[in-house]
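**Q** If you read the first sequence in our numbering, its first letter stands for residue 24, the second for the next number, and so on. Idealized CB from N, CA, C, for every residue including glycine.
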Amino acid sequence: MGGGLLTSAPLPRSFFDRPSHEVAPDLLGRVLVHGPVAVRLTEVEAYGGPGEDPAAHTYRGRTPRNAVMFGPPGHLYVYFTYGMHFCANLVCLPEDHGSAVLLRAGEILAGLDVARERRLVNGDRTRRIPERDLARGPARLATALGLTREHNGLDAVLDGAPGRFTELGLTGVPAGAAVVLEGVPPEPDAIRSGPRTGISTAKDTPWRFWIDGDPTVSPYRAHVPRRRSTAATSVGEAPSS
DNA sequence: ATGCAGATAATCT
DNA sequence: GATTATCTGCATG
Numbered sequence: 024m025g026g027g028l029l030t031s032a033p034l035p036r037s038f039f040d041r042p043s044h045e046v047a048p049d050l051l052g053r054v055l056v057h058g059p060v061a062v063r064l065t066e067v068e069a070y071g072g073p074g075e076d077p078a079a080h081t082y083r084g085r086t087p088r089n090a091v092m093f094g095p096p097g098h099l100y101v102y103f104t105y106g107m108h109f110c111a112n113l114v115c116l117p118e119d120h121g122s123a124v125l126l127r128a129g130e131i132l133a134g135l136d137v138a139r140e141r142r143l144v145n146g147d148r149t150r151r152i153p154e155r156d157l158a159r160g161p162a163r164l165a166t167a168l169g170l171t172r173e174h175n176g177l178d179a180v181l182d183g184a185p186g187r188f189t190e191l192g193l194t195g196v197p198a199g200a201a202v203v204l205e206g207v208p209p210e211p212d213a214i215r216s217g218p219r220t221g222i223s224t225a226k227d228t229p230w231r232f233w234i235d236g237d238p239t240v241s242p243y244r245a246h247v248p249r250r251r252s253t254a255a256t257s258v259g260e261a262p263s264s
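(1) Tell me which residues share the same chain as D237 and place their Cβ nearer than 7 Å to its Cβ, disregarding the 5 neighbours each side in the sequence.
(2) Decide if H246 is buried, meaning its Cβ has at least 16 other Cβ atoms within 10 Å, or exposed.
(3) Considering only residues of the stretch 82-169, which uninterrupted beta strand (DSSP E) runs meet the minimum length of 3 residues and lie entirely inside it, listed in chain order?
(4) Quick one: is P248 buried, meaning 16 or more other Cβ sit within 10 Å of its Cβ, or exposed?
(5) Can you tell me the Cα-Cα spacing of R139 and F38, whole angstroms?
(6) Going by beta-carbon coordinates alone, are R244 and T224 separated by less than 8 Å?
(7) If we ignore side chains and look at the alpha-carbon of each, how far apart do G27 and W233 end up?
(8) Checking the sheet assignment: what are the DSSP bridge partners for H44?
(9) With DSSP as the reference, label P73 as helix, strand or coil.
(10) For the ligand ATP, is there any heavy atom lying closer than 7 Å to the beta carbon of E140?
(11) Let's see if you can read the secondary structure: which residues bound the beta strand (DSSP E) around I234?
(12) Could you check the C-alpha separation between A32 and S216 for me, to the nearest Å?
(13) Report buried or exposed for T253, applying the criterion of at least 16 other Cβ atoms within 10 angstroms of its Cβ.
(14) Could you tell me whether the stretch 148-156 touches the stretch 107-120, where touching means 3 or more Cβ pairs closer than 8 Å?
(15) For the beta strand (DSSP E) that A78 lies in, which residues bound it at each end?
(16) Express the C-alpha separation of G206 and L168 in angstroms, rounding to a whole number.
(17) Going by alpha carbons, who is nearest to G58 out of R88, A198 and P208?
(18) Can you find the residues in the same chain that come closer than 7 Å, C-beta to C-beta, to V240, ignoring five residues on each side of it along the sequence?
(19) State the CB to CB distance for the pair R172 and L157, rounded to an integer number of angstroms; the pair is presumed to be in contact (CB under 8 Å).
(20) Considering only residues of the same chain and omitting the five flanking positions on each side of V203, which have a CB-CB separation below 6 Å?
(21) Apart from the five residues on each side of it in sequence, which residues of its chain come closer than 6 Å, Cβ to Cβ, to G121?
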């Protein structure tokens, strides 16, 4: 019935004060709210800290870009990549640790019209993107939620001013604020895990988590090294087969 | 259904 | 100069 929106309270900061690979599966079924749009998380990936996770942005230590990952837990780490996309994470563990959970996909629970508008390609309004695809993939999810570089570092924990998400919409959540609500976690049996998507190292670390059978989970894509240009760069490369 | 090419710029070597 | 925690469009089966 109507998506089954239940009354839901914010998660406390202590929720995020754990290793990212423990927080990640626990984030499934939770609801990230930013302004008018709410997304139920269906797929996430954990990233570890300096020296322990070769695939993490923090692997080689602190830089201007990854500074937020070294900040307090529960804040949004939003980064820009491939010259055009933003991706959103939630920071884990206490300050200075440098780990986070990448938000890879979800189902739009509120703000459908706003999400659709943000996801238009080339402003083409005649085209209708399937609802399940609106937040299916990390950059799509960030776009649907309206998260960009200006939201990097935004606190997603609502302390002291409890907001709620009910069948009637959001209440008590300040405009422009971000917050993660309890939502409805899946049965443990429904949680799957496997290798992370699109990375070139640590391919065997099974820190991608998703809800089994959910249509909004993104298709797995292996990392593919890009060749430079259309120019004839093949020097010693012989065509095979 | 799967696969590859191109887009496009910040970040790091 | 190379790489990138990606997406879309177009090709082929």
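**A** The relevant details are as follows:
(1) In the first sequence, residue 237 corresponds to position 214, counting from 1. Once the five neighbours on either side are set aside, the close Cβ partners of D237 are T65.
(2) Taking the first residue of the first sequence as position 1, residue 246 is located at position 223. Burial call: exposed.
(3) 99-104, 108-115 and 122-133
(4) Here the question's residue 248 lines up with position 225 in the first sequence. Label assigned to P248: exposed.
(5) By one-based count along the first sequence, residue 139 stands at place 116. By one-based count along the first sequence, residue 38 stands at place 15. If you take the alpha carbons of R139 and F38, they lie about 31 Å apart.
(6) Here residue 244 is taken as the residue at index 221 of the first sequence, counted from 1. Here residue 224 is taken as the residue at index 201 of the first sequence, counted from 1. No, the Cβ-Cβ distance between R244 and T224 is not below 8 Å.
(7) Counting from 1 along the first sequence, the entry for residue 27 is found at position 4. Counting from 1 along the first sequence, the entry for residue 233 is found at position 210. In this prediction, G27 scores a pLDDT of 48, lower than 50, which makes its location untrustworthy; no coordinate-derived value is stated.
(8) As a first step, residue 44 must be located in the first sequence, where it is residue number 21. Beta-bridge pairing links H44 to no other residue.
(9) As a working note, residue 73 is residue 50 in the first sequence. Looking at P73 - three-state DSSP - the assignment turns out to be coil, as it is neither helix nor strand.
(10) Among the components modelled here there is no ligand, and therefore nothing to report on the ligand ATP.
(11) Your numbering for residue 234 matches position 211 in the first sequence. Note, I234: beta strand (DSSP E), R231 to I234.
(12) To locate residue 32, count along the first sequence from 1; it is residue 9. To locate residue 216, count along the first sequence from 1; it is residue 193. If I take the Cα positions, the gap works out to 27 Å.
(13) Within the first sequence, residue 253 is the residue found at index 230, counting from 1. Only weak support is given to the placement of T253: the predicted model assigns it a pLDDT of 41, under 50, and the question is left unresolved by the model.
(14) no
(15) In the first sequence, the residue the question calls residue 78 occupies position 55. Neither: A78 is in no beta strand (DSSP E) and is coded neither H nor E.
(16) Taking the first residue of the first sequence as position 1, residue 168 is located at position 145. Taking the first residue of the first sequence as position 1, residue 206 is located at position 183. Between L168 and G206, the C-alpha separation is close to 17 Å.
(17) By one-based count along the first sequence, residue 58 stands at place 35. With distances taken between Cα atoms, G58 lies closest to A198.
(18) Numbered from its first residue, the first sequence carries residue 240 at position 217. Once the five neighbours on either side are set aside, the close Cβ partners of V240 are T65, E66, A128, W233 and I234.
(19) Taking the first sequence and counting its residues from 1, one reaches residue 172 at position 149. Taking the first sequence and counting its residues from 1, one reaches residue 157 at position 134. Not confirmed; about 21 Å, so no contact.
(20) Taking the first sequence and counting its residues from 1, one reaches residue 203 at position 180. Once the five neighbours on either side are set aside, the close Cβ partners of V203 are L34, R53, L55 and A179.
(21) Here residue 121 is taken as the residue at index 98 of the first sequence, counted from 1. Correct list, in chain order: G72, P73, T81, M92 and F93.
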